[in-house]
Each structure stands twice: as structure tokens, then as C-alpha cells.
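In the UniProt record's numbering, the protein residues as written are 1 to 176. Every residue, glycine too, gets a C-beta built ideally from N, C-alpha and C.
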């Protein structure tokens, strides 16, 4: 994984774990990269986003299309009726500004999101939603099972259990 890809994941994750966590993680990445460079290790820099991000109504249209594709249908429901601005923020910023960036594919973005949400207690509905989204963007059930197994072997047991439960629920809901 390149520096650019790792940095992009940490930038994206602010939307799921908050700016303070994202900023701290970026600071740690910067420290690690600098320490490795001082030891003579040259990491692959990777590529920066190349596609221009639209603005205004074009950004809203692109973000809405991305959100619909990832979600499998237009997003609606009581929360979005109660606070419609949250969906506009999701459409323009998360699915527009962030998911329009082309230096990281959607599968990698969803894997990072699943990992972050699995590590965060109390966000199980969103974790389940992103497990389903992971399947929609091309990750297989086997790949997601592998993630849960890796979390069991190398991570926190509660994180692994949340991921495994969310995957089982997403697969049951999809009929897979």
C-alpha cells in the first residue's frame, strides 16, 4: 500500500471516526514515514487524485449518483426527513468530494470503512450498511469473511464479533 493510499484512507475516515482521530492518525503516519526515510527506507509515494472534483449542482449530482450506487437505491428514511441537510452533506461531501477522488478504489474505501466502524462500538447499523455496500462495490462474501477472521486473529475480539455479526446480517438480508 502506498503512502498516498494510506493517507487517503486516513483522510476519508474522518467522516466515520471524527477529525481528531483522523488528524492523530495522519500525524502518526507522517512520523512513521519520516522515521523510515531516516533509516534509508524509501516507501512508494503512490499517486495523488487526478480527476477534477465537480462543484455546485454537479457535485451534488455526482455524490447522489455515487451514494445511490453504493447504497443500492436512493437513500431515504425518517432520519433524512427529520434532518434533510445530513443527506445533502453525505451526498455533496462524503460521496461527492471524497468518493469522487480517484486515487483509491471504492472497494478499498469500503474495507477501510468497515474496519473503522467495526472498531467503534454503537454504530452497528452503519457497519451492517457498509458490509452490504462492500458487496455492492465488488467485494465478495469470502473476502469479507477473511476480514472478520483476520480481526479475530490479530485484532480485538469485540471488533471481530461486531464485524462478523454485521456480515451475517448483510448476507441474510441480501439472500446470499
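Among the options, the one whose alpha carbon lies nearest that of residue i
i: residue 173; options: 2, 128, 17, 163; result: 128
i: residue 5; options: 109, 82, 77; result: 109
i: residue 74; options: 63, 134, 82; result: 63
i: residue 177; options: 120, 111, 121, 169; result: No information on residue 177 is available, as it lies outside the stretch 1 to 176 that the chain covers here.
i: residue 33; options: 53, 1, 56, 20; result: 1
i: residue 53; options: 92, 36, 120, 24; result: 92
i: residue 168; options: 152, 150, 151, 145; result: 145
i: residue 61; options: 171, 90, 121, 24; result: 90
Straight-line Cα distance separating residue j from residue i
i: residue 113; j: residue 22; result: 13 Å
i: residue 154; j: residue 58; result: 42 Å
i: residue 98; j: residue 81; result: 24 Å
i: residue 76; j: residue 131; result: 19 Å
i: residue 16; j: residue 10; result: 10 Å
i: residue 170; j: residue 164; result: 10 Å
i: residue 29; j: residue 151; result: 21 Å
i: residue 120; j: residue 36; result: 30 Å
Test item: CB-CB of residue i and residue j under 8 Å
i: residue 67; j: residue 95; result: yes
i: residue 7; j: residue 70; result: no
i: residue 124; j: residue 166; result: yes
i: residue 162; j: residue 118; result: yes
i: residue 26; j: residue 116; result: no
i: residue 72; j: residue 107; result: no
i: residue 157; j: residue 148; result: no
i: residue 103; j: residue 39; result: no
i: residue 86; j: residue 43; result: no
Three-state class that DSSP yields for residue i in the structure shown
i: residue 59; result: helix
i: residue 20; result: helix
i: residue 103; result: coil
i: residue 131; result: helix
i: residue 52; result: coil
i: residue 2; result: coil
i: residue 40; result: coil
i: residue 88; result: helix
i: residue 45; result: coil
Distance between beta carbons of residue j and residue i, contact taken as under 8 Å
i: residue 49; j: residue 101; result: 4 Å
i: residue 176; j: residue 133; result: Actually they are not in contact, since the Cβ atoms of residue 176 and residue 133 sit about 14 Å apart, beyond 8 Å.
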